[in-house]
Amino acid sequence: MSDSQVRTAGGDTIRSLHADLPVNATFHIWLKATKPGIQGSLSFSNVRGKFGEVSVANAEEHEFRIFHVFGGGSVELDYDTDQTSVSVAYWFAADVLETGITVLHTNPGNAPPNIPDSYHFRPPFGWMNDPNGFGRFGGRPHLFYQHYSHGLRWNTMHWGHAVSSDYLRWRHMPIFLFPSEDLTARPDRRGGAYSGSAIPLADGPGIRVFFTEQVQDRIPEQQIQLTATSSDLIMAGNAEVILPYRPLDEGLTSDFRDPYVFKGPDGLWKMLLGSQSDEGGVVLLYETHDHTAATGWTYIGKLLVEKSYRTTAIECPCMLPLDGPATDPATRWVLILGLMNGEDQSTRRKNLTVAVVGWFDGQTFAKEFEQELDFGTDNYAFQAFVDGDAIVGIGWLANWVDTGSEIDFPTAMTLPRNIRLSAGALHTPPIGAAESLRSHILDRTRLAAGEQVTFVNGAVEILFEFEKPGAHFQLKLNHPTVRLDVVLDDEGLAICHEDGGAAQSPHYIAKGARPKRLRIFLDYGSIEVFADHGRWAGTKRISGFEPIQSARLIAEPGAVLHATVWALKP
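Here it is in C-alpha cells:
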C-alpha cells in the first residue's frame with residue numbers, strides 16, 4: 006500500500022494510491038469535485054492499463070462509490086487533486102470479518118490520531134459518538150457506532166462497525182449503515198441514521214438493526230424509527246419505517262429516539278425509546294408479537310419518568326436482567342438512562358448517566374433503587390447486552406458538554422465493563438480480559454513508598470490497596486497541560502481535573518465513597534477509575550493526546566498494603 010503525488014508537465018498534481026489486492030476485492034471510495042461546474046474523477050489501472058473509472062460532479066458533499074476489482078493483483082488509483090477530492094478510500098476482501106478493511110487514504114481533516122500504544126477503541130477515520138448494536142453475532146462481539154467519515158466534527162450520521170474476539174482488540178469493518186438518499190443529497194438537512202440496537206435474525210444468520218432516522222425540520226416528525234437487516238454482517242440492506250409517529254396524547258416533545266430492543270420476561274420483543282414530556286425525561290415502552298420483530302410494534306406506555314437533575318430528554322435507554330433469568334419474576338432488571346442536559350448543581354456535572362434497578366414484568370417497572378453509573382460522566386450513551394452468563398457494556402468516552410460544531414473532537418469508547426449486582430449496589434468493573442493488556446511491570450515498591458514513578462508511554466494501569474477502607478490519599482498524575490489527581494477524602498472519591506480553561510471544571514466525585522482497592526487505567530486522552538471492583542467508577546476524557554508522564558501516591562505511612570504499575574499494550 007502506498008500514497009504518492011506527482012506534478013505533471015501541464016502543472017496538474019496527480020495523486021496515486023497503490024494497493025496489492027486479492028481476487029474479488031471491493032473498494033469503498035468517497036469523492037467529490039473540488040469546485041462547482043467541474044467533473045471530478047478517479048481511475049483504476051494495473052500493468053495492463055486503465056480498466057475502470059468513477060466520476061462525480063457534486064462539489065458540496067462527498068459521494069459514495071463502490072468499485073469491484075475481480076482479478077486482484079497490483080492496482081493504482083489516480084486522480085487530479087485540482088479537480089477531485091478523495092475523503093476516504095479503503096478496500097476489503099470476502100473474508101473481511103476475519104481480516105478487516107485496509108485504509109488506503111484519509112484526508113488530514115478526518116485522519117485518526119497517531120497513537121499506536123493506545124488501547125481504547127477509536128474509528129479508523131472521522132467522528133464517532135454513541136455505541137450502537139453492541140452484541141455477539143455469528144460468534145463474535147460486534148460494535149456499531151455513530152459515525153461521520155469526513156471530519157472530526159458531528160455531521161450526518163452513519164453507523165461505523167468493528168468486530169473483535171475479546172472486546173479489546175478490534176478489526177475495522179466497512180461502513181455498515183448509511184443515511185437516506187434525501188439526506189445525502191441535502192447536506193443542509195442535518196440528521197442521519199441515529200442510535201439504536203441489534204438482535205439476531207429469527208430465521209437465519211445475520212442481524213436486524215433498529216435505529217432512529219433524524220431529518221431536520223421534517224414535518225410532522227423529525228425523528229422516526231426504522232429497521233434493516235444484514236445477512237452477511239457486513240452492510241445493512243434497505244431500511245423500512247416501523248414507527249412513523251410519536252405516541253398520541255402523551256404530551257411529548259419531538260424527541261423520540263434510540264430504540265433498544267430486547268426479549269422481555271414474557272418472551273415478547275420489547276423496545277425502549279427516549280423522549281421528553283412536561284413531567285421530565287421519559288422512557289417509552291413498545292412490544293410486538295412478531296417473532297422476527299419486523300412489524301406489529303404497539304405502544305404500551307411510559308415505563309419510567311425521570312424528574313431529577315432537570316433532565317430534558319432521555320437518551321440511549323438500555324435494559325437487562327441482572328441477577329437471574331429474564332423469565333423469573335424474582336429477577337431484578339437494570340434500566341440505564343442518559344440524562345440529556347441533566348445537571349447536578351452541587352457538582353456542576355452535566356449529562357449524567359443513571360442506572361435504575363427494579364422488577365420488570367413485561368409491562369411495568371417497579372423501582373428498587375437508583376445510582377449513578379459513572380461519577381466522571383464521560384461514560385455516556387452506555388449500551389450493554391447479556392453475553393452468556395455476564396452483562397457486557399461499553400460507553401462513549403466523552404460528553405456533549407465538551408464538544409460543539411466548531412471543535413475537532415476525536416474520541417474513544419470506554420473500556421468494556423461488566424455489570425453485577427452485589428450487596429445492594431451495582432458494580433461495573435472492567436471485563437476480565439483487560440488484564441491481557443498488561444505488557445510488563447513498571448513498579449512494585451516505589452509508588453507505595455510515596456516515590457515518583459515515571460511511565461514509558463501513556464498506556465498504564467495502576468493498582469493499589471489500603472489497609473482499611475476509606476484511607477485518605479492523593480494520586481498526583483503529571484500531565485503536560487492538565488492538572489489531574491485522584492483523591493479520597495472525607496467528602497468521597499474524586500477525579501480532580503483542571504485544564505486552564507475559562508470555565509471552572511465540574512467536581513467529579515462519588516460522594517461518600519470509602520473504597521479499599523483502586524484500579525486506574527490511563528491512556529492517551531483518558532482516565533478510568535474503578536474502586537472496590539467497580540462499586541464506584543469514574544471516567545474522564547482528557548483533551549488532546551499528550552501522555553500522562555508519571556505518578557506519585559501520597560498517603561499516611563503504612564496505609565498502603567501494596568501498589569503495582571503496569572505498562573499496557575493493545
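Anchor point for the sequence shown: position 46 equals 51 in the working numbering, and the numbering is continuous, going up by one each time.
Glycine is no exception: its CB is placed at the ideal position from the N, C-alpha and C atoms.
When DSSP labels each residue in this structure, what does proline 322 get in the three-state scheme?
strand
Tell me whether threonine 416 counts as near the ligand COA, meaning its Cβ is closer than 8 Å to at least one heavy atom of that ligand.
You won't find the ligand COA in this model; it holds no ligand whatsoever.
From the DSSP output, read off the bridge partner residues of alanine 542.
Phe535
Skipping 5 residues on each side, what residues in its chain have a beta carbon closer than 6 Å to that of leucine 308?
Within the same chain, leucine 308 has close Cβ partners Val288, Leu290 and Phe370.
Which complete beta strand (DSSP E) runs does the segment 456-505 hold, if anything under 3 residues is left out?
List check, beta strand (DSSP E) in window: 465-471, 478-483, 488-493 and 497-503.
Alanine 241 bridges to which residues according to DSSP?
Partner(s): none; alanine 241 has no beta bridge.
Start-to-end residues for the beta strand (DSSP E) that takes in valine 406
Neither: valine 406 is in no beta strand (DSSP E) and is coded neither H nor E.
Proximity to tyrosine 199 [Cα-Cα], best of Phe142, Phe261 and Ala99
Closest in C-alpha terms to tyrosine 199, from the list Phe142, Phe261 and Ala99, comes Phe261.
Integer-rounded CB distance, given that glutamate 311 should sit under 8 Å from isoleucine 319:
6 Å
Taking the continuous beta strand (DSSP E) assigned at valine 570, which residues delimit it?
565-573
Quick check on DSSP: helix, strand or coil for proline 252?
coil
When burial is assigned at 16 or more other CB atoms within 10 Å of the CB, is asparagine 404 buried or exposed?
buried
Option nearest leucine 523 by Cα separation, candidates Ser154, Lys473, Ile34 and Asn483:
It is Lys473.
Return the chain-ordered list of same chain residues with a C-beta closer than 7 Å to the C-beta of glutamine 368, the five sequence neighbours on each side being excluded.
Ile305
In this structure, what does DSSP give as the bridge partners for isoleucine 229?
Per DSSP, Glu218.
Which two residues bound the contiguous alpha helix (DSSP H) that contains glutamate 103?
101-104
Among Asp366, Ile120 and Arg353, whose alpha-carbon lies nearest the alpha-carbon of glycine 326?
Correcting the residue type first, residue 326 is proline in the shown sequence and not glycine. Proline 326 has its Cα closest to that of Asp366, out of Asp366, Ile120 and Arg353.
Which residue or residues does DSSP assign as beta-bridge partners of glutamate 68?
Leu36
Using a Cβ distance threshold of 8 Å, determine whether the segment 489-498 contacts the segment 527-537, with at least three qualifying pairs required.
yes
Reduced DSSP category for tyrosine 314 - H, G, I as helix; E, B as strand; rest coil:
helix
Taking 9 Å as the cut-off, decide whether the C-beta atoms of asparagine 29 and alanine 99 are in contact.
yes
What residue from Asp495, Val362, Val458 and Lys372 has the CA that sits closest to leucine 482's CA?
Val458
Own chain, CB closer than 8 Å to arginine 337, minus 5 neighbours either side, in chain order:
Pro326, Leu327, Asp328, Gly329, Val362, Gly363, Trp364, Glu373 and Leu426
By DSSP's criteria, glutamate 375 is part of a beta bridge. Which residues make up the other side?
Answer by DSSP bridge pairing, in chain order: Val361.
Using the Cα positions of glutamine 554 and alanine 428, report the straight-line distance between them to the nearest angstrom.
Those two C-alpha atoms are separated by around 37 Å.
Quick one: Cα of leucine 447 to Cα of glutamate 255, how far?
58 Å
What is the DSSP secondary structure of alanine 331, counted as helix, strand or coil?
coil
In the structure shown, what three-state DSSP assignment does proline 113 receive?
Three-state DSSP puts proline 113 in a helix.
Can you tell me the Cα-Cα spacing of alanine 438 and valine 397, whole angstroms?
12 Å
Assuming aspartate 295 contacts glycine 301 (C-beta within less than 8 Å), just tell me the rounded distance between them.
4 Å
Are the Cβ atoms of tyrosine 84 and arginine 20 separated by less than 9 Å?
yes
For a quick check, are the C-beta atoms of aspartate 392 and glycine 140 less than 9 Å apart?
yes
Could you check whether tryptophan 541 and alanine 518 sit closer than 9 Å to each other, using their CB atoms as the reference points?
yes
Pairwise C-alpha distance: glycine 209 and serine 235:
10 Å
Span separating the alpha-carbon of aspartate 283 from that of leucine 431
For aspartate 283 and leucine 431, the distance between alpha carbons rounds to 30 Å.
Enumerate in chain order the residues of its own chain whose CB-to-CB distance from serine 48 is below 6 Å, with the five nearest sequence positions on each side excluded.
Lys55, Glu58 and Asp83
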